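J.: The structure that follows is given in the form of structure tokens.
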Amino acid sequence: MIRTLLLDPPLTPSPDDARSSLRRELLKPEYNDQNLVQRLLDGIQRLLDRAVDAASSASLVQTLVAMVALVAIVGAAVWLVTRARTGARHRPGAEPVLPPDEHATGAELRARAESALEQGRHAQALVDGFRALTLHQIEGGRLVDAPGATAREVARSLATTYPAQGERVSVTAGRFDSVLYGDRPATADQARDVLVLDDELRGRR
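Printed below as a string of structure tokens:
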């Protein structure tokens, strides 16, 4: 019976299958830190290669034990990066530009931003200014109204519509995230730049 168990094919994936499965998981779009993912892939690649080399000269029992251990390691790695991916979904900057409970028009958000700028509340002016910019583009039919769209997603869409302003829109979106979710301060010039960009995209300058 023992001999039969040892000769039956193991119910575990081969090193190549495990490697391919892990690579497919790690290369999903949700993993934004490509350097971290690549380092993890390289480390597991080396581990798999060493395990395969060792298995070629080991007995069947040793090979089976090594395979079980290897699958456990790969499974643990997948679990860790899956948790990291879940956390990334809730990271600062992954929240929508326009909150679900925001019912103001673009003009109202713009007025709110201008008022905050006059009062020296530069961070609020920048946030409301970018929201006004986004809503103005939606109202003008130049940006798809996609509930839940993040600042980066808005910037990517607008960069396609306005290639000349693409870099400025991207920088402005980054500042929006840094101020709103990273508690970074904003200067008067940065807040004013958002309003100027809003005017330019609407063709008022």
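Numbering (my numbering), first residue to last: -14 to 190.
Idealized CB from N, CA, C, for every residue including glycine.
All of these numbers come straight from a predicted model, not from anything done at the bench.
If distances are taken between C-alpha atoms only, which option among 80, 110, 107 and 117 comes closest to residue 88?
T.: It is 117 whose Cα lies nearest to the Cα of residue 88.
J.: For the alpha helix (DSSP H) containing residue 120, list its first residue and its last residue.
T.: Note, residue 120: alpha helix (DSSP H), 107 to 124.
J.: Using a threshold of 7 Å, is the CB atom of residue 152 nearer than that to any non-hydrogen atom of the ligand SAM?
T.: Absence of the ligand SAM is noted for the structure shown, with no ligands found whatsoever.
J.: Among 53, 160 and 31, whose alpha-carbon lies nearest the alpha-carbon of residue 170?
T.: That would be 160, whose Cα lies nearest to the Cα of residue 170.
J.: Is it a yes or a no for the region 118 to 138 touching the region 90 to 100, going by three-plus beta-carbon pairs under 8 Å?
T.: Judged by Cβ distances under 8 Å, the region 118 to 138 makes contact with the region 90 to 100, as three or more pairs qualify.
J.: Residues in its own chain within less than 6 Å of residue 97 by CB, not counting five upstream and five downstream?
T.: Once the five neighbours on either side are set aside, the close Cβ partners of residue 97 are 113.
J.: What separation, rounded to the nearest whole angstrom, lies between the Cα atoms of residue 163 and residue 110?
T.: Their backbone Cα atoms lie some 14 Å apart in a straight line.
J.: Quick one: is residue 139 buried, meaning 16 or more other Cβ sit within 10 Å of its Cβ, or exposed?
T.: Counting Cβ neighbours within 10 Å, residue 139 comes out buried, since at least 16 surround it.
J.: Under a Cβ-count criterion, where at least 16 other Cβ atoms within 10 Å of its own Cβ denotes burial, should residue 157 be classed as buried or exposed?
T.: Per the 10 Å Cβ criterion, buried.
J.: Are the CB atoms of residue 134 and residue 82 within a distance shorter than 8 Å?
T.: Yes, these two residues count as a Cβ contact at 8 Å.
J.: For residue 155, which residues from the same chain have a beta carbon less than 6 Å from its beta carbon, with the 5 sequence-adjacent residues on both sides left out?
T.: Hits under 6 Å: 140.
J.: Quick check on residue 147: does DSSP put it in helix, strand or coil?
T.: Residue 147 falls in the coil class under three-state DSSP.
J.: Give the single residue among 32, 185 and 179 whose Cα lies nearest to the Cα of residue 115.
T.: Selected option, being the one with the closest Cα: 179.
J.: For the candidate residues 30, 188 and 176, whose alpha-carbon lies nearest to that of residue 104?
T.: Ranking 30, 188 and 176 by Cα distance to residue 104 puts 176 first.
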